[in-house]
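Per the numbering used here, the sequence shown starts with residue 26, numbered consecutively. All residues carry an ideal CB built from backbone N, CA and C; glycine is no exception.
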Amino acid sequence: MAKTKILFITHEMSPFLELSKISEITRQLPHAMQEKGFEIRILMPRFGNINERRNRLHEVIRLSGMNIVVDNNDNPLIIKVASLPAARMQVYFLDNEEYFQRKKVFRDEQGKGFADNNERSLFFCKGALETVKKLGWSPDVVHCHGWFTAMVPAYLKTVYQDDPTFKDSKVFFSLYNEDFGNDSLGTKYAEMAAQTDIEAEKLKDYASGSYVDIYKGALSFTDVAVKADADINPEILAYIQENNIRTFEPSSDEDYEAFSELYDEFVNEEVSA
26 MAKTKILFIT HEMSPFLELS KISEITRQLP HAMQEKGFEI RILMPRFGNI
76 NERRNRLHEV IRLSGMNIVV DNNDNPLIIK VASLPAARMQ VYFLDNEEYF
126 QRKKVFRDEQ GKGFADNNER SLFFCKGALE TVKKLGWSPD VVHCHGWFTA
176 MVPAYLKTVY QDDPTFKDSK VFFSLYNEDF GNDSLGTKYA EMAAQTDIEA
226 EKLKDYASGS YVDIYKGALS FTDVAVKADA DINPEILAYI QENNIRTFEP
276 SSDEDYEAFS ELYDEFVNEE VSA
């Protein structure tokens with residue numbers, strides 16, 4: 026019997042980048058699933074404060090060289106890889122000089138969110154899926170972590186819904202308490218995604234581009250919402266309930282047996298209500 030394939034998409038992962046609890050979950054959960062016999066791939070951005078030499082990143086020439094269109098502009102995508110020897114896992118890094126080669130991750134020296142965070146997120150979301158296509162690897166489950174991945178579910182359920190790589194993939198989106206205050210990706214986040222890829226009406230729940238709205242947008246295309254934090258914004262929880270989105274709440278971050286059973290449930294099966 027073929028192994029269940031799980032794709033993890035995240036903006037942070039220990040030990041490469043540690044901003045929040047997401048980094049530890051995305052380090053431990055994939056390893057635990059691999060130990061249980063799942064086939065794993067992990068993708069994240071190569072932000073400028075990730076030390077290439079210390080982490081032994083090197084470019085994957087056969088995967089690099091694509092251009093990702095964001096706001097009608099072509100942006101070159103470079104793919105790098107690093108290994109975690111203790112876990113026998115490889116992590117793929119998406120790099121672009123204009124979007125990711127900054128010493129700060131999401132905010133400038135004054136603590137203000139970068140004006141192009143919306144473009145950076147779209148570049149990463151689309152670039153991640155194009156990278157997996159080029160790998161020739163079809164995931165059974167795509168598990169997204171963090172607001173930076175918020176357009177991945179929409180792309181999967183629209184642009185890539187008939188693509189052989191993703192047509193049977195189920196989408197999981199983990200919920201974290203990662204409110205970014207007054208920062209917003211703006212209405213242009215959905216507008217740019219819709220320019221050439223998606224009907225604008227389908228992205229209406231991304232609305233203002235606020236933290237709450239981009240979560241709502243992602244959840245509108247999600248098969249299973251995973252409660253990864255205890256203190257989730259009540260507006261997001263209400264949206265989940267109103268739209269009958271299936272939720273999964275592990276007893277702890279280390280409830281790997283429950284995660285394993287959940288992932289396996291979705292292999293070659295339709296999501297139950």
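Residue interval of the beta strand (DSSP E) (run including residue i)
i	result
I47	Run containing I47: none in the beta strand (DSSP E); it sits in the alpha helix (DSSP H), K46 to E60.
D120	M114 to D120
M16	With the chain running from 26 to 298 in the structure shown, residue 16 is simply not present.
K213	That residue, K213, is in no beta strand (DSSP E); its alpha helix (DSSP H) goes K213 to A219.
R271	R271 to F273
Helix, strand or coil at residue i [DSSP, three-state]
i	result
V292	coil
S146	helix
G138	strand
D99	strand
T190	coil
E286	helix
E84	strand
L160	helix
Close-in-space but distant-in-sequence residues of the same chain around residue i (CB under 6 Å, 5 per side omitted)
i	result
S45	none
S48	E37, M38 and S39
L68	I34, Y117 and A153
K158	T190
Y281	A57
Sheet register partners of residue i (DSSP bridge)
i	result
A107	V116
R66	L32
V130	BP columns for V130 are empty, so no partner.
V167	L32 and V196
L154	DSSP, once it has assigned bridges, lists no residue as partnering L154.
C262	Reading off the sequence, residue 262 comes out as Leu, not Cys. Answer is none; L262 lacks a bridge partner.
Segment limits, alpha helix (DSSP H) that includes residue i
i	result
K182	V177 to K182
R78	E77 to N80
Beta-carbon contacts of residue i that lie in its chain and below 7 Å, excluding the five residues immediately before and after
i	result
F149	P70, L119 and F173
M176	S146, L147, C150 and A218
Same chain, Cβ closer than 8 Å to residue i, five either side skipped, listed in chain order
i	result
L181	L154, V167, F191, S194, V196 and F246
D238	D230, Y231 and A232
Pick out the complete alpha helix (DSSP H) segments inside the segment 225-259, 4 residues or longer, and give them in chain order. 236-244
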